[in-house]
Amino acid sequence: MLTRASSDHAGNPHIEFWLATDNGPVRLMVDGEQPIFFIDQSAGAQAAALLKHEGVAVELKPLSLSTFQHQSVVGIYSTNINHNRRAQRVLGQAGIELLEADIRLHNRYLIERFICGGVEYIGSPVARNGFTELRQCRLKPADYKPSLRALSLDIECDLDGELFSVGLYSADLSVAEVLMIGSPQPCEGTRIEWCSSERVLLQQLINRIEQLDPDVVIGWSLVDFDLRILMKRAEKLRVPFTIGRDKSQPHWRDAPRDSSRGFMDIPGRVAIDGISGLKSATYQFDSFSLESVSQQLLGRGKQVEDVDDRMAEIRHNFHHDKPALAAYNLEDCRLVWDIFEYTQLLDFLLLRSQLTGLELDRSGGSVAAFTNLYLPKLHRAGYVAPNLPPDGGLVSPGGYVMDSRPGLYRNVLVLDYKSLYPSIIRTFKVDPLGLVEGLKQPDKAIEGFRGGCFDRNKHFLPDIITGLWQQRDQAKKDDDQPRSQAIKILMNSFYGVLGSGGCRFYDTRLASSITLRGHQIMQATAGWIEEQGYQVIYGDTDSTFVWLDGEVTASRAKEIGAELAAMINERWQQELKDRHQLESYLEIEFETHFSRFLMPTIRGSEAGSKKRYAGLIENADGERMVFKGLETVRTDWTELAKRFQVRLFELLFHDGDPSQLVRQTVDETLAGRCDDLLVYRKRLRRKLVDYQRNVPPHVRAARLADQRNAELGRSLRYQSKGVISYLMTTNGPEPLEYASSPIDYQHYIDRQLKPVADAILPFAGLDFDQLISAQLGLL
Numbered sequence: 006m007l008t009r010a011s012s013d014h015a016g017n018p019h020i021e022f023w024l025a026t027d028n029g030p031v032r033l034m035v036d037g038e039q040p041i042f043f044i045d046q047s048a049g050a051q052a053a054a055l056l057k058h059e060g061v062a063v064e065l066k067p068l069s070l071s072t073f074q075h076q077s078v079v080g081i082y083s084t085n086i087n088h089n090r091r092a093q094r095v096l097g098q099a100g101i102e103l104l105e106a107d108i109r110l111h112n113r114y115l116i117e118r119f120i121c122g123g124v125e126y127i128g129s130p131v132a133r134n135g136f137t138e139l140r141q142c143r144l145k146p147a148d149y150k151p152s153l154r155a156l157s158l159d160i161e162c163d164l165d166g167e168l169f170s171v172g173l174y175s176a177d178l179s180v181a182e183v184l185m186i187g188s189p190q191p192c193e194g195t196r197i198e199w200c201s202s203e204r205v206l207l208q209q210l211i212n213r214i215e216q217l218d219p220d221v222v223i224g225w226s227l228v229d230f231d232l233r234i235l236m237k238r239a240e241k242l243r244v245p246f247t248i249g250r251d252k253s254q255p256h257w258r259d260a261p262r263d264s265s266r267g268f269m270d271i272p273g274r275v276a277i278d279g280i281s282g283l284k285s286a287t288y289q290f291d292s293f294s295l296e297s298v299s300q301q302l303l304g305r306g307k308q309v310e311d312v313d314d315r316m317a318e319i320r321h322n323f324h325h326d327k328p329a330l331a332a333y334n335l336e337d338c339r340l341v342w343d344i345f346e347y348t349q350l351l352d353f354l355l356l357r358s359q360l361t362g363l364e365l366d367r368s369g370g371s372v373a374a375f376t377n378l379y380l381p382k383l384h385r386a387g388y389v390a391p392n393l394p395p396d397g398g399l400v401s402p403g404g405y406v407m408d409s410r411p412g413l414y415r416n417v418l419v420l421d422y423k424s425l426y427p428s429i430i431r432t433f434k435v436d437p438l439g440l441v442e443g444l445k446q447p448d449k450a451i452e453g454f455r456g457g458c459f460d461r462n463k464h465f466l467p468d469i470i471t472g473l474w475q476q477r478d479q480a481k482k483d484d485d486q487p488r489s490q491a492i493k494i495l496m497n498s499f500y501g502v503l504g505s506g507g508c509r510f511y512d513t514r515l516a517s518s519i520t521l522r523g524h525q526i527m528q529a530t531a532g533w534i535e536e537q538g539y540q541v542i543y544g545d546t547d548s549t550f551v552w553l554d555g556e557v558t559a560s561r562a563k564e565i566g567a568e569l570a571a572m573i574n575e576r577w578q579q580e581l582k583d584r585h586q587l588e589s590y591l592e593i594e595f596e597t598h599f600s601r602f603l604m605p606t607i608r609g610s611e612a613g614s615k616k617r618y619a620g621l622i623e624n625a626d627g628e629r630m631v632f633k634g635l636e637t638v639r640t641d642w643t644e645l646a647k648r649f650q651v652r653l654f655e656l657l658f659h660d661g662d663p664s665q666l667v668r669q670t671v672d673e674t675l676a677g678r679c680d681d682l683l684v685y686r687k688r689l690r691r692k693l694v695d696y697q698r699n700v701p702p703h704v705r706a707a708r709l710a711d712q713r714n715a716e717l718g719r720s721l722r723y724q725s726k727g728v729i730s731y732l733m734t735t736n737g738p739e740p741l742e743y744a745s746s747p748i749d750y751q752h753y754i755d756r757q758l759k760p761v762a763d764a765i766l767p768f769a770g771l772d773f774d775q776l777i778s779a780q781l782g783l784l
């Protein structure tokens with residue numbers, strides 16, 4: 006399993022790979038690879054003259070490859086990394102377009118060999134301390150999944166970064182301990198290694214990592230906080246932070262345009278941050294704090310949530326109750342470990358690497374994954390890849406969203422297309438190479454949109470998706486959730502990649518031929534359903550909502566759903582065969598039967614809303630309400646509004662009278678009995694100083710909070726993003742921790758209760774203002 010690669014050494018091409026194997030860690034050394042990039046053959050003579058004049062030692066070779074514009078190319082090879090960079094600079098300054106110049110040497114080595122994750126290798130072995138090294142290596146792809154040993158690490162420190170302790174936990178390595186600065190003292194329940202100074206703590210940590218020898222180090226904000234602080238403290242105290250497998254130090258790289266974030270390369274090990282990993286696996290939380298995520302996933306977390314109170318407690322315990330601090334430190338390590346276990350996050354990242362070649366610690370990476378899979382196939386077809394669009398690309402059409410028919414319904418079916426966009430790519434052969442080849446003979450190609458057309462035989466992406474689809478079906482049969490999720494994310498990312506100006510294969514004809522085909526499919530689907538005598542009340546990207554007017558039993562509703570799905574699938578098979586001579590991979594499934602369903606109107610309008618609805622599902626296990634786009638699933642609405650909305654829907658779906666609930670909720674709000682439900686929680690998407698013209702309430706509250714924090718000598722919590730909790734008072738928004746003015750109850754009635762009620766009550770023949778007018782008149 007490939008864990009890390011780096012490139013040059015002293016200017017000479019040199020690639021280093023670290024592997025986890027059944028026989029322990031292995032370092033592979035590959036020499037003699039030549040950096041390469043391409044230019045149009047028509048610029049070859051000019052390039053040769055320029056490089057000769059500048060004394061750049063490179064070799065120009067005409068190749069049997071061409072650009073997407075069918076122009077032959079010249080490959081520019083060098084035997085030295087520095088010469089390669091000079092050649093790029095000289096030619097770039099002369100206005101000569103460089104192709105694939107941004108692909109790093111070690112990435113190209115793997116890509117061209119179709120190596121994704123697993124690898125077989127041969128070479129000359131040399132025994133090293135703690136690992137095996139092989140030189141003069143040759144590699145090829147292999148199907149191999151390692152058993153990686155992980156170590157959870159968490160530090161506790163002062164605001165200036167001065168270390169108090171480091172916690173280490175691993176079920177793999179049978180370790181649960183804390184390295185703590187201080188004199189030995191009795192401690193029950195937590196193993197503490199006492200260190201006489203910060204310097205000794207750092208050295209002891211280095212020794213423990215060497216002894217435990219983990220493949221993976223995990224943590225929460227691990228790279229940007231814990232490891233970065235450890236590196237800075239080690240540098241300040243002049244302690245070589247040699248935690249690499251070869252006793253080398255980690256290397257920090259700033260993230261582009263944000264020096265507060267970065268990447269950490271630890272030779273022979275991988276540092277995986279839990280936040281980035283969960284985001285890569287498409288997890289979403291109101292807050293990604295360790296407290297919030299652990300509470301939602303594990304049902305337990307920290308005892309103190311407020312940052313300043315927590316810092317004060319950490320300081321106090323360090324000076325007066327070190328065993329308590331050690332227990333707190335170790336619990337953070339356990340929480341991270343248990344989150345990784347609960348979500349099977351490491352398994353997911355391993356499978357993603359096996360599928361795409363992405364490093365385990367890579368966040369996002371959809372474009373890189375697509376490039377890894379597509380580029381070697383493209384080269385073997387005789388083409389080099391284009392560069393990024395210079396203008397960032399044109400905006401492509403979005404998914405289909407039908408005008409809804411607002412109303413309160415009984416018996417609504419939802420039919421969903423299974424992976425609609427990947428199915429369109431497979432069926433209609435949407436593909437970068439297919440577009441290039443299809444444009445050569447458009448009369449024989451499959452017609453796309455916005456001038457696109459696709460070759461029926463020369464393409465790669467449809468086959469890539471077919472292979473992934475088959476793997477996902479097998480993963481589902483095997484109940485292998487991490488693999489199934491990894492494949493689903495990868496397949497669904499292909500449309501976004503092709504429509505992104507950050508991808509070298511971007512072309513508006515590609516993305517439009519997917520989304521606009523989706524529009525066409527959804528419109529045809531609605532028409533066929535209505536031909537059967539049913540009404541389609543809404544459609545959204547890949548889902549169609551069908552109303553079964555009249556009295557229908559639950560079992561009959563499900564039968565109708567299955568019949569409609571079978572009819573539509575059969576229709577597509579015949580339609581595409583007859584009209585386009587294509588095999589259909591489109592598959593619609595009967596997904597849900599709502600016994601009651603509400604499609605609201607747009608606020609202040611009689612038109613139906615989009616992407617907002619609620620429904621009631623009844624089955625043998627009981628009832629379940631589903632909300633989409635409504636206040637109960639939005640993070641910027643108060644708990645008061647959410648609970649009010651849920652209760653209103655419960656009454657509405659069971660034919661109850663909401664009048665008493667409305668009056669009671671307003672009465673309790675005005676009486677101050679709902680104060681704990683009035684807190685707004687909203688994320689700051691930018692730095693506070695960046696809010697200039699429009700200053701929304703949560704920003705005003707954050708500024709007041711940090712103003713007060715500064716006065717009290719506390720940390721400024723909200724200067725660089727974060728989540729602010731606040732109340733609306735008679736003096737405007739005030740941060741929850743410093744709120745002192747009376748609560749503006751009328752604000753909550755007008756801005757929280759009324760909008761919720763106005764979206765629901767009209768369907769029960771009621772009006773919010775009329776229901777509460779008598780109460781307000783008594784005030």
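The opening position of the sequence shown corresponds to residue 6 in this note's numbering, with each subsequent residue numbered one higher. No residue lacks a Cβ here, since even glycine has one placed at the ideal position from N, Cα and C.
Report the CB separation of Leu335 from Val183 in whole angstroms; it is logged as a contact under 8 Å.
Within the sequence shown, the letter at position 330 stands for residue 335. Within the sequence shown, the letter at position 178 stands for residue 183. That belief holds up - the Cβ atoms of Leu335 and Val183 are roughly 5 Å apart, short of 8 Å.
Going straight from the alpha carbon of Gly166 to that of Gly439, what length do you get?
Translated into positions along the sequence shown, residue 166 becomes position 161. Translated into positions along the sequence shown, residue 439 becomes position 434. Just so you know, the alpha carbons of Gly166 and Gly439 end up roughly 55 Å apart.
Quick check: Tyr731 and His752, are their CB atoms within less than 8 Å of each other?
Within the sequence shown, residue 731 is the residue found at index 726, counting from 1. Within the sequence shown, residue 752 is the residue found at index 747, counting from 1. Their beta carbons are not under 8 Å apart, which means Tyr731 does not touch His752 by this criterion.
Pick out whichever of Glu161, Val541 and Tyr500 has its Cα sitting closest to the Cα of Trp225.
In the sequence shown, counting from the first residue as 1, residue 225 sits at position 220. Measuring from the Cα of Trp225, the nearest candidate turns out to be Glu161.
For Met604, does the three-state DSSP call read helix, strand or coil?
Here residue 604 refers to the residue found at position 599 of the sequence shown. Met604: strand per DSSP, three-state reduction.
Determine the contact status of Ile319 and Leu330, defining contact as a CB-CB distance below 8 Å.
Numbered from 1 along the sequence shown, position 314 holds the residue referred to as residue 319. Numbered from 1 along the sequence shown, position 325 holds the residue referred to as residue 330. For Ile319 and Leu330, yes; Cβs fall inside 8 Å.
Per DSSP, which residues does Gln540 bridge with? Please list them.
Here the question's residue 540 lines up with position 535 in the sequence shown. Answer is Trp552.
State the Cα-Cα distance for the pair Thr513 and Asn392, rounded to the nearest angstrom.
The sequence position of residue 513 within the sequence shown is 508, counting from 1. The sequence position of residue 392 within the sequence shown is 387, counting from 1. In a straight line, the C-alpha of Thr513 is about 15 Å away from that of Asn392.
Enumerated in chain order, which unbroken segments of the beta strand (DSSP E) with a length of 3 residues or greater are wholly contained in the stretch 93–175?
124–133, 136–146, 155–162 and 168–175
Can you confirm whether the stretch 145–155 touches the stretch 397–417 when touching is taken to mean that 3 or more C-beta pairs between the two stretches lie within less than 8 Å?
no
Quick test of your reading: Lys150 and Leu355, contact by CB under 8 Å. State the CB separation rounded to the nearest angstrom.
For the purposes of this step, residue 150 is taken as the residue at position 145 of the sequence shown. For the purposes of this step, residue 355 is taken as the residue at position 350 of the sequence shown. Contact flag correct, Cβ pair sits at about 6 Å.
In the DSSP assignment, find the alpha helix (DSSP H) that holds Leu378 and state where it starts and stops.
For this step, residue 378 is matched to residue 373 along the sequence shown. Where Leu378 is concerned, the enclosing alpha helix (DSSP H) stretches over Ser371 to Arg385.
From Gly397 to Leu645, what distance separates their C-alpha atoms?
To locate residue 397, count along the sequence shown from 1; it is residue 392. To locate residue 645, count along the sequence shown from 1; it is residue 640. If I take the Cα positions, the gap works out to 43 Å.
Taking 8 Å as the threshold (C-beta atoms), are Gly544 and Met733 in contact?
By 1-based counting over the sequence shown, the position of residue 733 is 728. By 1-based counting over the sequence shown, the position of residue 544 is 539. Contact flag unset, no.
Buried or exposed: which applies to His321, given that a residue is buried once 16 or more other Cβ atoms fall within 10 Å of its Cβ?
Working through the sequence shown from its first residue, we reach residue 321 at position 316. By the 10 Å Cβ count, His321 comes out exposed.
Per DSSP, which residues does Phe632 bridge with? Please list them.
Taking the sequence shown and counting its residues from 1, one reaches residue 632 at position 627. Answer by DSSP bridge pairing, in chain order: Ala619.
Of the residues Trp533, Asp159, Ala762 and Thr361, which one's Cα is nearest the Cα of Ala374?
Mapped onto the sequence shown, residue 374 falls at position 369. Nearest option by C-alpha distance: Thr361.
Go ahead and pull the three-state DSSP assignment for Thr734.
Along the sequence shown, one-based indexing puts residue 734 at 729. Here Thr734 sits in strand by DSSP.
Would Tyr422 and Ile271 qualify as a contact pair, given that the criterion is a beta-carbon distance under 8 Å?
Counted from its first residue, the sequence shown places residue 422 at position 417. Counted from its first residue, the sequence shown places residue 271 at position 266. Not closer than 8 Å, so no.
Between the alpha carbons of Leu227 and Tyr126, how many angstroms are there, rounded?
Here the question's residue 227 lines up with position 222 in the sequence shown. Here the question's residue 126 lines up with position 121 in the sequence shown. The alpha-carbon atoms of Leu227 and Tyr126 are separated by roughly 32 Å.
Any idea which residues DSSP pairs Trp257 with across the strands?
Your numbering for residue 257 matches position 252 in the sequence shown. Note: Trp257 sits in a beta bridge opposite Met269.
For Arg196, which residues in the same chain have their Cβ closer than 8 Å to its Cβ, ignoring the five residues on either side in sequence?
Numbered from 1 along the sequence shown, position 191 holds the residue referred to as residue 196. Cβ within range, chain order: Ala181, Glu182 and Val183.
Rounded to whole angstroms, what is the Cα-Cα separation between Ile526 and Leu33?
Numbered from 1 along the sequence shown, position 521 holds the residue referred to as residue 526. Numbered from 1 along the sequence shown, position 28 holds the residue referred to as residue 33. Rounded to the nearest angstrom, the two C-alpha atoms are 51 Å apart.
Which residue wins for smallest C-alpha separation from Gly532, given the options Tyr511, Leu503 and Met572?
Working through the sequence shown from its first residue, we reach residue 532 at position 527. Of the residues Tyr511, Leu503 and Met572, the one whose Cα lies closest to the Cα of Gly532 is Met572.
Among the candidates Ala332, Leu340, Ile277 and His324, whose CA atom is the shortest distance from the CA of Leu302?
One-based indexing of the sequence shown puts residue 302 at position 297. For Leu302, the nearest C-alpha among the options comes from Leu340.
Among residues of its own chain, excluding the 5 on either side of Asp662, which ones have a beta-carbon nearer than 8 Å to its beta-carbon?
Mapped onto the sequence shown, residue 662 falls at position 657. Only Leu656 and Ala769 meet the Cβ criterion.
Sorted by chain position, which residues of the same chain lie with C-beta nearer than 8 Å to Cys200's C-beta, five sequence neighbours on each side aside?
If you number the sequence shown from 1, residue 200 lands on position 195. Result list for Cys200: Leu184, Met185, Ile186, Gly187, Leu206 and Gln209, in chain order.
Whose C-alpha, out of Asp660, Gln476, Ile754 and Tyr511, is nearest the C-alpha of Arg668?
Here residue 668 refers to the residue found at position 663 of the sequence shown. Among Asp660, Gln476, Ile754 and Tyr511, the Cα nearest to that of Arg668 belongs to Ile754.
From Gly122, Leu55 and Glu628, pick the residue whose C-alpha is nearest to that of Ala99; which is it?
The sequence position of residue 99 within the sequence shown is 94, counting from 1. When only C-alpha atoms are compared, the closest one is Leu55.
Select from Val551, Ala516 and Gly282 the residue whose C-alpha is nearest the C-alpha of Glu535.
Counting from 1 along the sequence shown, the entry for residue 535 is found at position 530. Checking every option, the nearest Cα to that of Glu535 belongs to Val551.
Starting from the C-beta of Phe820, find all residues in its chain whose C-beta is less than 8 Å away, skip the five residues before and the five after it, and write them out in chain order.
Look at the range of the chain in this structure, 6 to 784, and you will see that residue 820 is not part of it.
Just the Cα atoms here: how many angstroms apart are Glu138 and Ser358?
Numbered from 1 along the sequence shown, position 133 holds the residue referred to as residue 138. Numbered from 1 along the sequence shown, position 353 holds the residue referred to as residue 358. One C-alpha to the other measures close to 23 Å.
Quick one: residues in its chain with C-beta nearer than 7 Å to the C-beta of Leu666, no 5 flanking neighbours on either side, listed in chain order?
Residue mapping note: residue 666 aligns to position 661 of the sequence shown, counting from 1. The answer, listed in chain order, is Arg652, Leu653 and Leu656.
Are the stretch 735–753 and the stretch 621–636 in contact at 8 Å, needing three or more beta carbon pairs?
no
Within 10 angstroms of the Cβ of Lys327, are there 16 or more other Cβ atoms? Answer buried if so, exposed if not.
Taking the sequence shown and counting its residues from 1, the one referred to as residue 327 is at position 322. By the 10 Å Cβ count, Lys327 comes out buried.
Could you tell me which residues DSSP pairs with His598 in its beta bridges?
Here residue 598 corresponds to residue number 593 of the sequence shown, with the count starting at 1. Leu418.
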